[in-house]
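Undergrad:
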Amino acid sequence: MLSCAGADRLQTGMRGAFGKPQGLVARVAIGDFLLSVRVRDQHQDHAVEAFRRAKFKFPGRQFIVVSRKWGFTNLDRPVYEEYRKTGRAVPDGVHCKVVKEHGPLSKWINNPI
Numbered sequence: 001m002l003s004c005a006g007a008d009r010l011q012t013g014m015r016g017a018f019g020k021p022q023g024l025v026a027r028v029a030i031g032d033f034l035l036s037v038r039v040r041d042q043h044q045d046h047a048v049e050a051f052r053r054a055k056f057k058f059p060g061r062q063f064i065v066v067s068r069k070w071g072f073t074n075l076d077r078p079v080y081e082e083y084r085k086t087g088r089a090v091p092d093g094v095h096c097k098v099v100k101e102h103g104p105l106s107k108w109i110n111n112p113i
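In our numbering, the protein residues as written are 1 to 113.
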């Protein structure tokens, strides 16, 4: 139905008004991470600038946080570097395995790490 002279939009009224999706959304809680990226130290400034530009595309107030962790592991950078030197951290994809200091001595003697 076209109403008024020169109307260029078709009005549907109440037809199909119930239960129709309007778009895609994601449910996030306050404090959730929206985006996460892992880059080398030399590219950190470019990643922060990219996130600064991207945060305007999301509603609300967004913060950019640079992690103290090594990659996606749960180890801080100095701890990870120390563990890598001593052989306690073994790279495993994007994560790492931490070799425990518990167990029988025979296991440690035969362990090639």
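Every residue, glycine too, gets a C-beta built ideally from N, C-alpha and C.
(1) CB L69 to CB R61, shorter than 9 Å?
(2) Do you know offhand how far F58's Cα is from V28's?
(3) F72 and V94: beta carbons closer than 9 Å?
(4) When the Cα atoms are used, what is the spatial distance from G103 to N74?
(5) Taking C-alpha atoms, which residue in A26, V99, S106 lies nearest to L34?
TA: In terms of the structure at hand:
(1) For the sequence presented, residue 69 should be read as Lys rather than Leu. It is not a contact, given that the beta carbons lie outside the stated cut-off.
(2) 12 Å
(3) Note that the C-beta distance between F72 and V94 is below 9 Å.
(4) 23 Å
(5) A26
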